[in-house]
Amino acid sequence: MRGLLHYLRIGQIMNSPTVPKTNEVAITAAAKSVQGSQCDANEDSFLMDEDHGVFVLADGFGGQCGGERASRLAAAGLMREAELLLEQEDSQESLAHAMGQAFLNVNESIVSVAEQLPRFRGMGASAVLAIVNCGQLYVVGAGDCRAYLIRGDKAERLTVDQTLFQLLVEAGLTHDKYQWAHSPRMLWTCLGDPEFALPHIRCEEIQRSDRLILVTNGITRVVKDGLIGRLAANTENVVATATNVVNTALALRTADDATCLAMSFGAASPDSPTHI
Numbered sequence: 436m437r438g439l440l441h442y443l444r445i446g447q448i449m450n451s452p453t454v455p456k457t458n459e460v461a462i463t464a465a466a467k468s469v470q471g472s473q474c475d476a477n478e479d480s481f482l483m484d485e486d487h488g489v490f491v492l493a494d495g496f497g498g499q500c501g502g503e504r505a506s507r508l509a510a511a512g513l514m515r516e517a518e519l520l521l522e523q524e525d526s527q528e529s530l531a532h533a534m535g536q537a538f539l540n541v542n543e544s545i546v547s548v549a550e551q552l553p554r555f556r557g558m559g560a561s562a563v564l565a566i567v568n569c570g571q572l573y574v575v576g577a578g579d580c581r582a583y584l585i586r587g588d589k590a591e592r593l594t595v596d597q598t599l600f601q602l603l604v605e606a607g608l609t610h611d612k613y614q615w616a617h618s619p620r621m622l623w624t625c626l627g628d629p630e631f632a633l634p635h636i637r638c639e640e641i642q643r644s645d646r647l648i649l650v651t652n653g654i655t656r657v658v659k660d661g662l663i664g665r666l667a668a669n670t671e672n673v674v675a676t677a678t679n680v681v682n683t684a685l686a687l688r689t690a691d692d693a694t695c696l697a698m699s700f701g702a703a704s705p706d707s708p709t710h711i
């Protein structure tokens with residue numbers, strides 16, 4: 436099984452960033468997070484830095500203490516790494532590759548904590564990192580946290596689930612969404628994995644009125660991609676978007692922690708800050 440997974444990891448494609456643009460964008464963001472009905476604590480974590488255009492969402496596991504610790508380490512570590520690499524003012528292509536290295540660095544930190552503290556052994560976290568820079572959107576995901584780019588009422592998934600179910604889908608062995616919603620959460624890699632592989636990196640040029648949504652497994656288990664797109668299109672602002680996405684997951688009886696971080700992008704005026 437490890438050999439198969441290693442082959443599939445090598446086969447992942449990192450798309451090349453488009454030519455960087457000089458235009459900047461204004462960002463508004465909001466998030467909503469609720470504890471799952473069958474969870475002892477909320478093991479989701481998120482951080483937002485609108486001034487630098489950095490957004491992180493993490494979903495931990497490994498028991499109450501381990502899951503909370505893993506998600507917090509993942510979110511804080513990725514935010515710190517992202518802010519450091521943005522200060523270096525690298526090229527757009529270098530930024531994309533540096534984001535992959537940021538995930539490797541954070542993974543090493545989580546593995547180290549788990550090795551040194553027995554009560555945290557086996558902990559890990561899914562995570563997604565989004566950076567907005569020079570009119571470009573960069574997204575990196577590990578595990579099964581997802582990022583959706585919303586244009587009109589269409590939701591395009593920018594991340595690839597690193598789950599056994601996704602491997603079966605890619606192999607053409609199943610397309611049963613009901614099976615996904617009720618299958619065990621089987622990640623073949625995540626932050627905290629000693630054999631962690633470089634994550635998939637996606638870069639997109641931002642268009643005016645685009646929206647970005649980051650969500651955890653507690654939402655994607657029960658809310659389909661198409662519905663996420665419609666929910667985002669039918670809301671007036673990011674607060675309403677985040678609220679409606681989470682409330683929809685609750686209405687569909689999600690049992691897991693559910694978190695949605697929503698962003699909208701617009702043109703920045705010459706007199707306004709790059710991100711608001």
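In terms of our numbering, the sequence shown opens at residue 436 and continues consecutively. Cβ coordinates follow ideal geometry from the N, Cα and C atoms, glycine included.
- With contacts defined as CB atoms closer than 8 Å, LEU513 and ALA466 fail to qualify as a contacting pair.
- Within a 10 Å sphere around the beta-carbon of ASN669 sit fewer than 16 other beta-carbons, which makes this residue exposed.
- Shown here, SER547 sits in a helix according to DSSP, grouped into three states.
- C-alpha of PHE490 to C-alpha of ALA533: approximately 16 Å in a straight line.
- When C-beta atoms of the segment 570-583 are compared with those of the segment 638-654, three or more pairs fall below 8 Å, so the two segments count as touching.
- Excluding residues up to 5 positions away in sequence, SER561, GLN597, LEU622, CYS625 lie with their Cβ nearer than 6 Å to the Cβ of GLY578 in the same chain.
- For the segment 471-507, there is no continuous alpha helix (DSSP H) assignment of 4+ residues that stays within its boundaries.
- With fewer than 16 other Cβ atoms from the protein chains shown falling within 10 Å of its own Cβ, ASP588 counts as exposed.
- Contact between CYS580 and ASP484 is ruled out by a C-beta separation of about 18 Å, above the 8 Å threshold.
- Bounds of any alpha helix (DSSP H) do not take in LEU552, whose DSSP letter is neither H nor E.
- Of the residues assessed, GLU671 falls on the exposed side of the cut-off, its CB having fewer than 16 other CB atoms within 10 angstroms.
- The alpha carbon of ALA511 has as its nearest neighbour, out of GLU522, ALA537, ALA531, the alpha carbon of ALA537.
- Around the C-beta of GLY661, fewer than 16 other C-beta atoms lie within 10 Å, and the residue is accordingly described as exposed.
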